[in-house]
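So the sequence shown is numbered by my numbering: it starts at 244 and just counts up by one. In this text, a Cβ means the ideal position worked out from N, Cα and C, and glycines have one as well.
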Amino acid sequence: MSLKWNKIIYNHIKEIVADSEKQQKPISELIIEQECKLSGLPRQKVWNRMKHNLATMRAAVERGKSGAGIFSKTGLTGGEAVKIKKYHQTHHTLSGDTIMAAVQNAVATNEVNASMGVICATPTAGSSGTLPGVLFLLEKRMDLSEEQMIRSLFTAGGFGLVIANNAEIAGATGGCQAEVGSASAMGAAAAVEAAGGSAEQSAQAKQRPSLCLTC
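Here it is, written out as structure tokens:
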């Protein structure tokens, strides 16, 4: 890794928290600035790329929950998101409205992935449903604007990058904690940003789901 790279990339969560507090900026803003430096792209182009990622996530969720659902090429999996959606609409779910709303979004995305559809890896294809599951639930519950959604994605990406720089994110090599644990940590950090929480709160929220999701 070059010296130049080291100067502009975050390798530890404490560095993000420290910079956020020192510069009085939300984590999302720090990550946007970092991405501009890393890519050499202007801010608007970086923003538009994340906007495209959000649109890709939304399209996958909607596709997975529409009609009879979507099935894998082999036919072994699919249609579960639609079943969960119908179950959720009964308003008599054992786990409550919030969890089921998130789960149907997550499963819908996973089924699009299994059918060779277009998804946004966050941080991997296998865990691609976790972040959309959280974000699109929050969008409805908290009436989030598109800007808030995009900023939450930048925050999630920043935490995901730190994890990837220090540990495994692939389930094949690191197990459930590495993959879904990382995605859950990203989702928790994104949720705190969306709710207007501090960098320190994002860091604390990020740790708990990651530690709990061990194989």
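Residue burial classification, Q420 (beta-carbon count within 10 angstroms, cutoff 16): Numbered from its first residue, the sequence shown carries residue 420 at position 177. Result: buried.
Local conformation of G360 per DSSP, three classes: As a working mapping, residue 360 is identified with position 117 in the sequence shown. Coil at G360, not helix or strand.
M293 beta carbon less than 7 Å from that of L374: The residue labelled residue 374 in the question sits at position 131 within the sequence shown. The residue labelled residue 293 in the question sits at position 50 within the sequence shown. Not in contact: L374 and M293 (Cβ atoms no closer than 7 Å).
Beta carbon of A298 nearer than 7 Å to that of V377: Translated into the one-based positions of the sequence shown, residue 298 becomes position 55. Translated into the one-based positions of the sequence shown, residue 377 becomes position 134. Not in contact: A298 and V377 (Cβ atoms no closer than 7 Å).
Beta-carbon proximity of S465 to E422, cut-off 7 Å: In this structure the chain extends from 244 to 458, so residue 465 is not present and cannot be described.
Residues near M300 in its chain [Cβ-Cβ closer than 6 Å; skip 5 each side]: Taking the sequence shown and counting its residues from 1, the one referred to as residue 300 is at position 57. If we look at M300 and ignore the five residues flanking it on each side, its Cβ neighbours are C363, P375.
Sub-7 Å separation of A459 and S263 beta-carbons: Summary: the structure shown does not reach residue 459, with the chain confined to residues 244 through 458, and so no result is reported for it.
G283, DSSP secondary structure in three states: Your numbering for residue 283 matches position 40 in the sequence shown. DSSP places G283 in coil when its eight states are reduced to three.
Three-state class that DSSP yields for G322 in the structure shown: As a working mapping, residue 322 is identified with position 79 in the sequence shown. In this structure, DSSP gives G322 a state outside helix and strand, which the three-state scheme calls coil.
Inter-residue CB distance, T320 and A345 (contact presumed, cutoff 8 Å): The sequence position of residue 320 within the sequence shown is 77, counting from 1. The sequence position of residue 345 within the sequence shown is 102, counting from 1. Contact doesn't hold; Cβ gap of about 20 Å is too wide.
Element boundaries [alpha helix (DSSP H), containing F402]: Taking the sequence shown and counting its residues from 1, the one referred to as residue 402 is at position 159. F402 -> alpha helix (DSSP H) spans 389-409.
Identity of the residues DSSP links to F379 by a beta bridge: As a position in the sequence shown, residue 379 is number 136, starting the count at 1. According to DSSP, which records beta bridges pairwise, F379 is partnered with nothing at all.
Nearest neighbour of T352, chosen from D340, S370, M343 [CA to CA]: One-based indexing of the sequence shown puts residue 352 at position 109. For T352, the nearest C-alpha among the options comes from S370.
Spatial distance of E389 from E382 (CA atoms): By one-based count along the sequence shown, residue 389 stands at place 146. By one-based count along the sequence shown, residue 382 stands at place 139. Cα-Cα distance, rounded: 9 Å.
Selection from K316, I406, I327 that minimises the alpha carbon distance to M359: Counting from 1 along the sequence shown, the entry for residue 359 is found at position 116. Of the listed residues, the one whose Cα sits closest to M359 is K316.
Among Y330, N409, G440, K329, the one whose alpha carbon lies nearest that of I255: Reading the sequence shown from its first residue, position 12 is the one you call residue 255. It should be pointed out that residue 255 corresponds to His in this sequence rather than to Ile. Nearest in C-alpha terms to H255, of all of Y330, N409, G440, K329, is N409.
Inter-residue Cα distance where the pair is G283 and N291: For the purposes of this step, residue 283 is taken as the residue at position 40 of the sequence shown. For the purposes of this step, residue 291 is taken as the residue at position 48 of the sequence shown. Distance between the alpha carbons of G283 and N291: 14 Å.
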